[in-house]
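Trainee:
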Amino acid sequence: MVRIHMDLILVRHGETDWNRNLVFRGRIDVPLNETGLAQAAATAEVLKNHPISSAYSSPLLRAMKTAEIIARPHSLQVFPDEDLIDINYGLLQGLSEDEARLRYPKLIEEWNSHPEKVKFPGGESLIDVWKRTQNFLNRLMALGEQERVLVVSHRIPIKLISSALLGMDLEEMNKIKHDTCAISTFWIEYGCVRESSLNDSRHLLHLSARQMKDF
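In structure tokens form, the structure reads like this:
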């Protein structure tokens, strides 16, 4: 039996202009904006005295840059992992929230009410992303005991990892919120999971020129 004992730190990437303007991002490789870089630096500052043993990230630039900034004080290499990449929104990528609602009203309504039923045209379903994130978690657990693991990803993958650890169903995903560069921490030991923090963004309050929004 693999012995599991770890603190899992989940961090969403910092803000991009597309986050600020409520544009669907998905696989489009949008860089961090100035606020996002400052958010990543603030997150690095709050985590610098919490030794991190390993760091994983979505390979997209906004996540990798965030992870590298956080990992730098710990002299850690960040390992990109395809299973942590953002959901593929297909034809919605590059559309604002309002544009998507006008073009695909039924799809957006279902995404907000029953996300587990949605498959984006030309993209992924929530179940596709759930399978990826479960694969990542299973591989991480198979490594055995680790002290503190940093995972930097995107809104939907982080929600799915969090909901899985909390024993929630897919249809409950929208109950979980996760803002840019917010921190969620889980203590895992022998199959038992305890939530230490969820969507903690107190370290970002001085940077919030706009109200934080889970988008």
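The opening position of the sequence shown corresponds to residue 1 in our numbering, with each subsequent residue numbered one higher.
Note that the Cβ used here is the ideal one computed from N, Cα and C, for glycine as well.
#1: Quick test of the definition: if touching needs 3 or more C-beta pairs under 8 Å, does the region 93-108 touch the region 137-145?
#2: Can you give me the C-alpha to C-alpha distance between SER125 and HIS50, rounded to a whole angstrom?
#3: DSSP on MET1, reduced to helix/strand/coil?
#4: Please state whether DSSP places LEU204 in a helix, a strand or coil.
#5: Using 10 angstroms around the beta-carbon of MET1, count the other beta-carbons present and answer buried if the total reaches 16, otherwise exposed.
#6: Between which two residues does the beta strand (DSSP E) harbouring SER57 extend?
#7: Compute the Euclidean distance between the alpha carbons of ASP29 and GLU45, then round it to the nearest angstrom.
#8: Which partner residues does THR66 have in the DSSP bridge list?
#9: Just to check my reading of the structure: TRP130 and LEU170 have Cβ atoms closer than 8 Å, yes? What is that Cβ distance to the nearest angstrom?
#10: Does the distance between the C-beta of PRO121 and the nearest non-hydrogen atom of the ligand COA fall short of 7 Å?
#11: Does DSSP put LYS159 in a helix, a strand or coil?
#12: Whole angstroms is fine: what's the gap from ILE69's alpha carbon to TYR190's?
#13: Report yes if the C-beta distance between THR66 and VAL151 is below 8 Å; otherwise report no.
#14: Classify ASP98 as buried or exposed, calling it buried when 16 or more other Cβ atoms lie within 10 Å of its own Cβ.
#15: Are at least three pairs of beta-carbons, each pair with one atom in the region 192-199 and one in the region 153-171, less than 8 Å apart?
#16: For SER197, which residues of its own chain have a beta-carbon under 8 Å away from its beta-carbon, when the five flanking residues on both sides are left out?
#17: If we ignore side chains and look at the alpha-carbon of each, how far apart do GLU34 and VAL78 end up?
#18: Quick check on ASP83: buried or exposed, where buried means 16 or more other Cβ atoms within 10 Å of its Cβ?
Mentor: Well, looking at it:
#1: no
#2: 36 Å
#3: Note on MET1: pLDDT 40, under 50, position unreliable in the model; the coordinate value appears next. Residue state for MET1 is assigned as coil, using DSSP reduced to three classes.
#4: helix
#5: With a pLDDT of only 40 at MET1, under 50, the local geometry of the prediction cannot be trusted, and no value is derived from it.
#6: 54-57
#7: 25 Å
#8: Answer is none; THR66 lacks a bridge partner.
#9: 6 Å
#10: As for the ligand COA, it is missing from this structure, which has no ligand bound.
#11: helix
#12: 31 Å
#13: For THR66 and VAL151, no; Cβs fall outside 8 Å.
#14: exposed
#15: yes
#16: ILE183, SER184 and THR185
#17: Rounded to the nearest angstrom, the two C-alpha atoms are 22 Å apart.
#18: So ASP83 counts as buried.
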